[in-house]
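Q: Sharing a structure here in structure tokens format.
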Amino acid sequence: MPPRKLKLMRPQAAPKLGKGDGWSQSFVEYLRNECRLAENTVAAYQRDLKRFDEWLRSRSIPKLTIADLSNYAAWLHRQQLAPATLARHIVTLRMYFRYLQLEGILKENLAELLGSQKLWDRVPQVLSPKLVEAFLRSPVRSDSFWRRDRAMLELLYSTGCRVSELSNLTLRDLHLDEAYCVCHGKGNKQRVAHLGRHSREAVTEYLECERPALDKDPSISSAWLLLSRAGRRLRREAIWALVKKYAARAGLSPEISPHTLRHSFATHLLAGGADLRQVQEMLGHASIATTQIYTHVDMSKLKQVHRQFHPRA
């Protein structure tokens, strides 16, 4: 998913560095220190710029033409990147060039002329409720920490939270009696995520039967909800690996990721009749335009509405 739109402020006397790596590093530090973006967002910009610098080589940024930038977009396409990743790269380039305008390095932002993000959009992968059920039940007793892993999967689907939000959940964020938890999203924004019965039961069983054994070392006693074997926070990379493991066990596509459960969460809500604005709030999207992609995913609801209400159906 492309980074959220960012309103750039004029930098405060940022140094005029050399071309390529110097400018991109200056931009990254600007995003981190002046714009105060979340570290994961900054890291995404940084990865995109590293790829741009790889393509740039000895080219001079101020001398690039729209033809050059179109060639860059074509080069990205040849890297066989996912469509959403391609879209994010273009957004990153636009923001980077806007920064270079503010620095006086560029007179105009030719990246704004590149194809619209819509050219790269795709419908996100979504699991059917039946497949989700099989996925959530894939951790079994023979797995080392099956209760933790089942709670992890249940939370991803019940809340629709991002993998980084799940990794950062603390015991203080959890309110099982009131059936909700507090997620800390992009830009340190907080939102309430509701917990269904199955997720509450899975989390309760993990807290009572498994977490105490993981939190046994007083020297690193942790307030994080999901703990690793060493008693530390279960990091987002570990969550990704576990999701891949259980997806394979359930016979699902190797492309399944934690975001697949987030996509499925949103799609199933809309298919069940939830209001788009409500789903936007639950996902923590800044813009409803981001949420609207899910209206294209499950056509069964639209077909049902058409059959029910259209006079010529």
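Numbering follows the working numbering, in which position 175 of the sequence shown is assigned residue number 1521; successive positions increment by one, without gaps.
For glycine and all other residues, C-beta sits at the position ideal for the given N, C-alpha and C.
(1) What residues in its chain sit with their C-beta under 8 Å from that of residue 1540, if we drop five residues either side in the sequence?
(2) Extract the residue ranges of the beta strand (DSSP E) inside the region 1395-1432, only unbroken runs of 3 or more that lie entirely within it.
(3) Three-state secondary structure (DSSP) at residue 1576?
(4) Take the Cβ of residue 1437 as the centre, count every other Cβ of all protein chains shown within 10 Å, and call the residue buried at 16 or more, exposed below.
(5) What's the call for residue 1653, buried or exposed, on a 16-neighbour Cβ count within 10 Å?
(6) Looking only at its chain, what residues have a beta carbon closer than 6 Å to the beta carbon of residue 1386, apart from the 5 residues adjacent to it on each side?
(7) Sort out for me which residues DSSP pairs residue 1391 with in a bridge.
(8) Express the C-alpha separation of residue 1587 and residue 1603 in angstroms, rounding to a whole number.
(9) Given a threshold of 16 other Cβ atoms within 10 Å of its Cβ, counted over all protein chains shown, does residue 1485 qualify as buried or as exposed?
(10) Determine whether the beta carbon atoms of residue 1573 and residue 1561 lie at a separation below 8 Å.
(11) According to DSSP, residue 1537 sits in a beta bridge with which residue or residues?
(12) May I ask which residues mark the beginning and end of the alpha helix (DSSP H) holding residue 1586?
(13) Could you have a look at residue 1520 and say whether DSSP puts it in helix, strand or coil?
(14) May I have the straight-line CA-CA distance separating residue 1429 from residue 1440, to the nearest angstrom?
(15) Please say whether residue 1520 and residue 1571 have beta carbons closer to each other than 8 Å?
(16) Please say whether residue 1546 and residue 1515 have beta carbons closer to each other than 8 Å?
A: Concretely, from the data shown:
(1) Looking up residue 1540 in the sequence shown gives position 194. Once the five neighbours on either side are set aside, the close Cβ partners of residue 1540 are 1504, 1505, 1525, 1526, 1628.
(2) Runs found: none.
(3) Residue 1576 sits at position 230 when you count from the first residue of the sequence shown. Reduced to three states, the DSSP call for residue 1576 is coil.
(4) Locating residue 1437 in the sequence shown gives position 91, where the first residue counts as 1. In the assembly as shown, residue 1437 is a buried residue. Its beta-carbon has 16 or more other beta-carbons within 10 Å.
(5) Counting from one through the sequence shown, the residue named residue 1653 turns up at place 307. Flag for residue 1653 reads exposed.
(6) Taking the first residue of the sequence shown as 1, we reach residue 1386 at position 40. So the qualifying residues of the chain are 1510.
(7) For this step, residue 1391 is matched to residue 45 along the sequence shown. In DSSP, residue 1391 forms no bridge with anything.
(8) Sequence index remark: in the sequence shown, residue 1603 carries index 257 (1-based). Sequence index remark: in the sequence shown, residue 1587 carries index 241 (1-based). Cα to Cα, the separation comes out at about 9 Å.
(9) Residue 1485 sits at position 139 when you count from the first residue of the sequence shown. Classification for residue 1485: buried.
(10) Mapped onto the sequence shown, residue 1573 falls at position 227. Mapped onto the sequence shown, residue 1561 falls at position 215. Their beta carbons are under 8 Å apart, which means residue 1573 touches residue 1561 by this criterion.
(11) Translated into the one-based positions of the sequence shown, residue 1537 becomes position 191. The partner list for residue 1537 (beta bridge, DSSP) reads 1529.
(12) Within the sequence shown, residue 1586 is the residue found at index 240, counting from 1. Residues 1582-1595.
(13) What you label residue 1520 is simply residue 174 of the sequence shown in a count that begins at 1. Per DSSP, reduced to three states, the secondary structure at residue 1520 is strand.
(14) Here residue 1429 refers to the residue found at position 83 of the sequence shown. Here residue 1440 refers to the residue found at position 94 of the sequence shown. When rounded, the distance between both Cα atoms is 17 Å.
(15) Along the sequence shown, read from residue 1 onward, the residue named residue 1571 stands at position 225. Along the sequence shown, read from residue 1 onward, the residue named residue 1520 stands at position 174. Cβ distance < 8 Å, so residue 1571 and residue 1520 count as in contact.
(16) Counted from its first residue, the sequence shown places residue 1515 at position 169. Counted from its first residue, the sequence shown places residue 1546 at position 200. For residue 1515 and residue 1546, no; Cβs fall outside 8 Å.
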